[in-house]
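Okay, so here's the structure we're looking at.
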Amino acid sequence: MEVDNPADRTLTFLSKHWHQIDFVEFKDWCEATDLDTPVSEGLCDYYAVFDLIKTGGYEGWLLIEQNGNAGLQEGRTPLDCARASRDFIRRGLGV
28 MEVDNPADRT
38 LTFLSKHWHQ
48 IDFVEFKDWC
58 EATDLDTPVS
68 EGLCDYYAVF
78 DLIKTGGYEG
88 WLLIEQNGNA
98 GLQEGRTPLD
108 CARASRDFIR
118 RGLGV
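Residue numbers (the numbering used here): 28 to 122.
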């Protein structure tokens, strides 16, 4: 059965291969901002990913990839976007 929703594809993949994952890279995407989307402003269901990380006992590395500053709120610097992504992930993981 093929999954059409990108967020569902992410969770399906992570759940299926969770025991093999040693490194998690956070990246978000939406059509309006393409690869310059700060984490939480795109299509990924990060609350479900956070839940999987916490309940699955993940202890590996986490990386945030932030390509640029064309987030959904215009006028932010690349550093502003990176901080927004980092702060969202910290809140979601409780760290």
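Where is the CB? At the ideal position from N, CA and C, for every residue including glycine.
What you are looking at is a predicted structure, and each value in this text was computed from that prediction instead of being measured.
Distance between beta carbons of Leu41 and Val66, contact taken as under 8 Å
Walking along the sequence shown from the start, residue 66 turns up at place 39. Walking along the sequence shown from the start, residue 41 turns up at place 14. Contact doesn't hold; Cβ gap of about 15 Å is too wide.
Which of the three DSSP states, helix, strand or coil, is assigned to Asp72?
By 1-based counting over the sequence shown, the position of residue 72 is 45. Coil, per DSSP.
I need the straight-line Cα distance from Ile91 to Thr39, nearest angstrom please.
Along the sequence shown, one-based indexing puts residue 91 at 64. Along the sequence shown, one-based indexing puts residue 39 at 12. Distance between the alpha carbons of Ile91 and Thr39: 21 Å.
Count the other CB atoms within 10 Å of the CB of Phe50; is the residue buried (16 or more) or exposed (fewer)?
Position 23 of the sequence shown, counting from 1, holds the residue named residue 50. Its Cβ having fewer than 16 others within 10 Å, Phe50 is exposed.
Using CA atoms only, rank isn't needed, just tell me which of Phe115, Gln93 and Gly121 is closest to Thr60.
Residue mapping note: residue 60 aligns to position 33 of the sequence shown, counting from 1. The option with the nearest alpha carbon to Thr60 is Gln93.
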